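Undergrad:
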Amino acid sequence: MTDSLRKQLIQWADTYNDPLYFKEDPVAFPRRFNELYLRGEASREDVEVAAVFAAHFAWGRRAMIVRDCNRLFDAMDWKPYDYVMKGSWRCDPVSIHRTVKWTDVADICSRLRKVFAERGTLEALGTDGLRTEVFGQKMDAKAPNKKINMMRRWMVRRDGKVDMGLWKDTDPSDLLIPLDVHVYDEAVALGLTKRKQKDITTVREITDVFRDIFPGDPCKGDFALFGYGVTK
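Given below as structure tokens:
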């Protein structure tokens with residue numbers, strides 16, 4: 461990597477790690493509940509539930525994601541943890557977001573209710589546990605786990621800017637870059653990877669590049685890739 465590219469990545473990360481660019485973004489929903497939590501007007505579990513569903517809906521146009529997250533939290537009366545734990549979930553085969561149906565939301569709520577009853581928090585689940593015990597997916601050693609890595613970034617990074625730092629028992633150095641098609645294309649264009657597969661090996665390769673640039677905080681590099689996407 462050239463010095464100029466390294467400096468540019470640092471500049472993008474510093475510029476775009478700013479709530480200003482994420483007002484109309486899925487992270488805005490757990491951030492809203494986190495602000496309420498810090499004022500004593502919501503619970504830590506509210507933030508966790510909001511993060512689960514905001515991450516789950518995070519595919520497609522941002523305007524559509526925000527619209528459908530608002531519809532979901534309206535249905536929850538903006539009390540997501542209470543909605544989960546009461547067990548009276550809307551459960552019909554009607555779309556709430558793209559191919560996600562209310563039945564899928566109810567399934568996630570059912571699994572969340574079990575996890576909260578047994579553990580009290582989602583943090584200890586880790587990536588594999590979130591995949592299987594919350595999102596109900598089979599284990600896949602090659603999966604990039606984009607939405608889970610994104611959610612973990614929101615909950616773990618603790619610089620007090622975009623991400624919330626609510627999970628204190630997870631080290632930010634262990635986080636992985638959330639890899640979707642856009643992030644992959646940006647990483648390839650910048651020469652951060654030459655791999656063709658959008659799998660966990662590619663995730664780790666890109667993360668390792670940022671681990672060198674941002675020691676102890678590789679997911680700060682996610683904002684650099686966002687910056688490249690905005691400015692290219």
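Those letters in the sequence shown? Residues 461 to 692, by the working numbering. Backbone N, C-alpha and C define an ideal beta-carbon position, used for all residues, glycine too. Small disclaimer: the values here were computed from a predicted structure and weren't measured.
Rank Ser633, Gln657, Met624 by C-alpha distance to the C-alpha of Asp640 and give the top, closest one.
TA: Per the Cα distances, Gln657.
Undergrad: What do you reckon, are the CB atoms on Leu482 and Val622 nearer than 8 Å?
TA: One point to set straight first is that residue 482 is Phe, not Leu, in the sequence displayed. Yes, they are a contact pair.
Undergrad: Flag this pair as touching only if the stretch 579-599 and the stretch 503-515 have three or more C-beta atom pairs under 8 Å; answer yes or no.
TA: The stretch 579-599 vs the stretch 503-515: in contact.
Undergrad: Pick helix, strand or coil for Ala487, following the three-state DSSP scheme.
TA: Inspection of the sequence shows that residue 487 is occupied by Val rather than by Ala. In the structure shown, Val487 sits in coil (DSSP, three-state: anything other than H, G, I, E or B).
Undergrad: If distances are taken between C-alpha atoms only, which option among Tyr688, His642, Trp614, Ile660 comes closest to Pro632?
TA: Checking every option, the nearest Cα to that of Pro632 belongs to Trp614.
Undergrad: Would the stretch 545-560 count as touching the stretch 660-679 if we require 3 or more Cβ pairs under 8 Å?
TA: The stretch 545-560 is not in contact with the stretch 660-679.
Undergrad: Cβ of Ile556 within 8 Å of Cβ of Leu572?
TA: No, Cβ-Cβ distance for Ile556 and Leu572 is not below 8 Å.
Undergrad: Go through its chain and collect everything with a Cβ distance to Ala647's Cβ below 6 Å, but skip five positions before and after it.
TA: Hits under 6 Å: Thr653, Ile666.
Undergrad: If I'm right that Glu484 touches Ala523 with Cβ under 8 Å, what's the distance once you round it to whole angstroms?
TA: Right, their Cβ atoms sit about 7 Å apart.
Undergrad: Which runs of the alpha helix (DSSP H) spanning at least 4 residues fall entirely within the stretch 501-580, listed in chain order?
TA: For the stretch 501-580, whole alpha helix (DSSP H) runs of length 4 or above, ordered along the chain, are 504-516, 522-535, 540-546, 562-579.
Undergrad: Identify whether Phe686 lies in helix, strand or coil by the three-state DSSP scheme.
TA: Helix at Phe686.
Undergrad: Taking contact to mean 3 or more Cβ pairs, one atom from each stretch, closer than 8 Å, check whether the stretch 485-496 and the stretch 468-477 are in contact.
TA: With a cut-off of 8 Å, the stretch 468-477 and the stretch 485-496 do not count as touching, because too few Cβ pairs lie within range.
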